[in-house]
Structure formats: structure tokens, C-alpha cells
Amino acid sequence: MFFLNDGELGKPFGFPETNSDTALISNLKSAIEQYISQKESLPERLVIHYYKPQSGREQKSIEDLIQKELRLNIPFAIVEINDSKSQMDICFDKDFTMGMPESGTYVRVSKTEYLLFNNTRYQKNPLRSVAEELPIKVAIHFADTGGFSHKDLISQVYEFSRLYWKGLKQRSQPATTIYAKLIAEFAANYNGVLPNNETVNNTPWFL
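When you read off a place in the sequence shown, starting at 1, and then add 36, the result is the number in our numbering.
Now the structure itself:
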């Protein structure tokens, strides 16, 4: 699935787990071509949220699609969002009874990896109790060559975690990965078939 820069939802795609790498590239190509056809213009930049650690081969396939096959001379970045909440790397706020840092806080743990805290602590001294929520790990690829700011990409992940239309509580995962899971669950129950018409291609039917 993909979102435009203004938050507009694009057509969701689905594919079976077998040959998923090939299917991902094919659907990514279709999504980009659909955008170009609808907007009658080229995208200015591309950010891909990925649901699992990527191999070098997978990263190279995406790079080749954008630069060689589609011949798009645009900045792009891959943001890998670790689905299993980080338990090995953790931080505490010593000024808040060793509780979790404020929501939106991120900590760099390597050159390309960060811990991002998404929770219900929206101020330094909240009046209500805060639900403890482990951080997610975010890894950023290609951003340095594409002119992206790591801060902006992490902020985008954080904002997408607030774009959850099934409830009011902010989620630790961004909508880009949560909604993809909902689509995958639907497809698994209907032999991998997703609805395909003008209405469902422009509305979040999976909610």
C-alpha cells in the first residue's frame, strides 16, 4: 500500500509469501507507474517503509528498479521498521521515575539505526498514568545519498503511528506497517485475493 505526501491513500497491493521479493518489486513498480499516470507528473521523492530486515540483494533490487528500470532520477530512502519491539536496546528517563522517555523521543544506536519511542507520554510530567510501551527499532538506508534527513524520516514514521483510524490511542507501529498486516490477514482468509474496484482502491476498506 502507499500514501501520497498529503496522506491520501493509494491502491493497496497484496501478494503471496512465496516469491515475495519478486512480487514486492513488481507491485512497487505498479504503484509508482499508477502515481505517474494519475498525477501526470513524476514523483519528487520516494520513501519506502519496509517490514523486516533487508538483504543486500533486496536493497539492490529496489535501487535497480528506481534508477535503471524506471529511470527515475529522484531521491529515495528505505526505512526498515523492526516489527518485534526492541527488548535488547532500551532507554529510561531518570527524571521520570526511570519510566519511558516522552513519546516521539528517538535515540541513535548505530550509524543507521535508531530506537523510536511511541507511547502515551506526551509531556514531561503527565497527569495521567502512562502505558509502558517498548520502542521500535528503525533502520535507514540510502538516505545519505538521497539528501534525506534522518530526523525527517523518523518524524514521518512517528506521524504515521498517529494515523490509526481504528482507535484513538497512538500505536507504536506506523500505519504503513499496521495496515499492511491487516491487508495480509484479509488475503490469507480469502485465498490471497483482494477486492479490486474503484471504491476499494481509494478507501481504507481493510479497517
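Glycine included, each C-beta is placed from N, C-alpha and C at the ideal position.
- Message: In the DSSP assignment, the alpha helix (DSSP H) including I190 goes from what residue to what residue?
- Response: Going by DSSP, I190 is part of the alpha helix (DSSP H) stretching over 186-197.
- Message: I'd like the list of long-range same chain contacts for P137, defined as Cβ closer than 7 Å, with 5 residues on each side in sequence excluded.
- Response: C127, D129, F153
- Query: Ends of the alpha helix (DSSP H) at E99?
  - Reply: E99 -> alpha helix (DSSP H) spans 92-100.
- So what does R144 bridge to, in DSSP terms? Y150
- Item | Cβ contact (3+ pairs, closer than 8 Å) linking the segment 72-79 and the segment 180-187 | A contact is defined here as three or more CB-CB pairs under 8 Å, and the segment 72-79 fails this definition with respect to the segment 180-187.
- Query: Should I114 and I84 be called a contact, given that it needs their Cβ atoms to be closer than 8 Å?
  - Reply: yes
- Per-residue DSSP class, three states only, for Y86: strand
- Task: Answer yes if the segment 60-70 comes into contact with the segment 95-110, meaning at least three C-beta pairs across the two stretches below 8 Å, and no otherwise.
- Result: Yes: at least three Cβ pairs fall under 8 Å.
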